[in-house]
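Report on the following structure.
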Amino acid sequence: MSAKACILVAEDEASDVEILRLALQRAGIPNPLSVTSDGKEAIAYLSGEVPFNDRSKFPLPQLLILDLKMPCLTGFDVLAWLRDHPQFRDLPAVVLTSSSHEQDMAKARALGAREYHVKPTSFQELAGILQQLANRWLETTHVCCEI
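When we follow my numbering, the leftmost residue of the sequence shown carries the number 79, and every step to the right adds one.
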């Protein structure tokens, strides 16, 4: 697994971000984590807009983990944006959300989400999901996107 491959998380709940950080540690995933608090900020990060224009501090991610229900722009909005920007076609976008609604799952898949996971209530289960994601999406060392 590449220790340099960045994971970008778009999540508006600070407590969920902290749990995610701890679960990544528990799963033994050493990859650096960048966090944005809404869809608008995630798009700014991916676009390299200020304040995310220094790629040494804000590297392009190799995996994007998205919540769906966020302020400003939703995870659906980010997925639609990714679909419209072909330079990100190889960036795996994975939904990790509290919504178990079939219509949300279908919409996320239609917009290009590679996977859809409902946030588990068990810390161990979350660590297991993250380990599966790392094994599936962080195995290679190539950069997923070129701008």
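Even glycine gets a Cβ: it sits at the ideal position worked out from N, Cα and C.
Straight-line gap, residue i to residue j (C-alpha atoms, nearest Å)
i, j, result
"residue 114", "residue 123", "8 Å"
"residue 181", "residue 194", "12 Å"
"residue 216", "residue 161", "21 Å"
"residue 89", "residue 151", "11 Å"
"residue 153", "residue 117", "6 Å"
"residue 179", "residue 185", "10 Å"
"residue 223", "residue 86", "Summary for residue 223: the model assigns pLDDT 49, below 50, so the residue's position carries little reliability; its value from the coordinates is reported in the next sentence. Cα-Cα distance, rounded: 13 Å."
"residue 191", "residue 97", "22 Å"
Cβ pair residue i, residue j closer than 7 Å
i, j, result
"residue 140", "residue 83", "yes"
"residue 95", "residue 120", "no"
"residue 146", "residue 112", "no"
Expected contact under 8 Å - CB spacing of residue i and residue j to nearest Å
i, j, result
"residue 143", "residue 174", "5 Å"
Residue range of the alpha helix (DSSP H) that includes residue i
i, result
"residue 204", "201-215"
"residue 158", "153-161"
* Could you tell me whether the region 127-142 touches the region 89-103, where touching means 3 or more Cβ pairs closer than 8 Å? => no
* Are three or more beta carbon pairs between the region 197-208 and the region 154-171 nearer than 8 Å? -> no
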